[in-house]
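Asks: Residue 1158, in the working numbering, is where the sequence shown stops; the numbers in between run on with no holes.
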Amino acid sequence: MATRFHVDVPLSAGVQIVLPPNATRHVQVLRLQPGAALTLFDGLGGQWQAEVLAMGRREVTVQVLAHAPVECELPVAVTLALGMPANERMDTVVEKAAELGAAGLQPLVCERSVLRVAGDRAQRKSEHWQAVAVSACEQSGRNRVPEVAAAQPLRDWLRGWAAAVPGGVDGPASPQGLLLSLDPQAPPLWSWLAGRPRAVGADCAWQDRPRIVLLSGPEGGLSSTEQAAAVEAGFQPVSLGSRVLRADTAPLAALSTIACWAAARIDPSA
889 MATRFHVDVP
899 LSAGVQIVLP
909 PNATRHVQVL
919 RLQPGAALTL
929 FDGLGGQWQA
939 EVLAMGRREV
949 TVQVLAHAPV
959 ECELPVAVTL
969 ALGMPANERM
979 DTVVEKAAEL
989 GAAGLQPLVC
999 ERSVLRVAGD
1009 RAQRKSEHWQ
1019 AVAVSACEQS
1029 GRNRVPEVAA
1039 AQPLRDWLRG
1049 WAAAVPGGVD
1059 GPASPQGLLL
1069 SLDPQAPPLW
1079 SWLAGRPRAV
1089 GADCAWQDRP
1099 RIVLLSGPEG
1109 GLSSTEQAAA
1119 VEAGFQPVSL
1129 GSRVLRADTA
1139 PLAALSTIAC
1149 WAAARIDPSA
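This is how it looks when you write it as structure tokens:
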């Protein structure tokens, strides 16, 4: 299998490009030679065959060849909105969420948050987590990179959601899609999802997939005031069963549950 790299420019057959610095260092460490095969993706869909043209001390030039329309996205677009876990656990959440197929991540500062960032630091953190997501996509075979937004306070983020009946996979399309929030006192996510109507089929265009936004709290969870504000904004409370999961485990467990549910609801013969 050819080494995979993300490049942040639109690709087309026949063009020559210089690899970005991280990819250049990787190619140099592997000691690849002119003619070596690479796989490139630009996040716009599919992937490209390429080969090394020239190895320089500071630059690696490659030739873009044929396009392969490979898609491995989930049949629903899931955005994880989460109270940022402390220490380096957020890196792990971003990495694993990208591997599991999240369409986007929204870091939040909540009442009980230990990690609090704002301003320039929030932007730097977002750029760092975006690089983590890119690396996870290179490793896992995804050709579309989830967007990691800049962190913001939960109360500000919730103001952006109108208090409306969720739609998307649950009924007529709405701008919000299906809005869910994790609450240990609520009905289990899997039993609640089991009663939802069938999702769209696997032939749905990538940009037209049903949308799910999942809100998860930091260490200690969302406060009662935050849970009430989420419900007022249109979020449906759900739980992950009787066990108490860590702040960095809960959103990944919920994402995996939703991914399995969405795949199981697709019946090619329907």
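Glycine included, C-beta positions come from ideal geometry on N, C-alpha and C.
Let me check one thing: in DSSP terms, what residues is S1104 bridge-paired to?
Replies: Position 216 of the sequence shown holds residue 1104. DSSP lists L970 as partners of S1104.
Asks: Alpha carbon to alpha carbon, how far is Q916 from L1102? Give it in angstroms, no decimals.
Replies: The residue given as residue 1102 occupies position 214 in the sequence shown. The residue given as residue 916 occupies position 28 in the sequence shown. Spanning the two alpha carbons is a distance of roughly 40 Å.
Asks: CA-CA distance, A990 and P1098?
Replies: Sequence index remark: in the sequence shown, residue 990 carries index 102 (1-based). Sequence index remark: in the sequence shown, residue 1098 carries index 210 (1-based). Those two C-alpha atoms are separated by around 13 Å.
Asks: My output table needs one value for G1122: the three-state DSSP class, helix, strand or coil.
Replies: Numbered from its first residue, the sequence shown carries residue 1122 at position 234. If DSSP states are grouped into helix, strand and coil, G1122 belongs with coil.
Asks: From K984, R1043, W1045, pick the residue whose C-alpha is nearest to that of E1026; which is it?
Replies: The residue given as residue 1026 occupies position 138 in the sequence shown. Cα-wise, what sits closest to E1026 is K984.
Asks: What do you reckon, are the CB atoms on L1110 and G992 nearer than 9 Å?
Replies: Counted from its first residue, the sequence shown places residue 1110 at position 222. Counted from its first residue, the sequence shown places residue 992 at position 104. No, the Cβ-Cβ distance between L1110 and G992 is not below 9 Å.
Asks: For L993, which three-state DSSP category applies?
Replies: Taking the sequence shown and counting its residues from 1, one reaches residue 993 at position 105. Strand.
Asks: What's the C-alpha gap between W1080 and G944?
Replies: The residue labelled residue 1080 in the question sits at position 192 within the sequence shown. The residue labelled residue 944 in the question sits at position 56 within the sequence shown. For W1080 and G944, the distance between alpha carbons rounds to 56 Å.
Asks: Give the DSSP bridge partners of L1018, in chain order.
Replies: Walking along the sequence shown from the start, residue 1018 turns up at place 130. It is worth fixing the name first, because residue 1018 is Gln in this sequence and not Leu. Q1018 is not bridged to any residue.
Asks: Which residues bound the beta strand (DSSP E) around R892?
Replies: Here residue 892 corresponds to residue number 4 of the sequence shown, with the count starting at 1. Start and end: 891 to 894.
Asks: Leaving out five residues before and five after E1107 in sequence, what residues of the same chain have Cβ atoms less than 7 Å from its Cβ?
Replies: Locating residue 1107 in the sequence shown gives position 219, where the first residue counts as 1. Taken in chain order, the residues that qualify are P973, A974, R1000, V1002, A1135.
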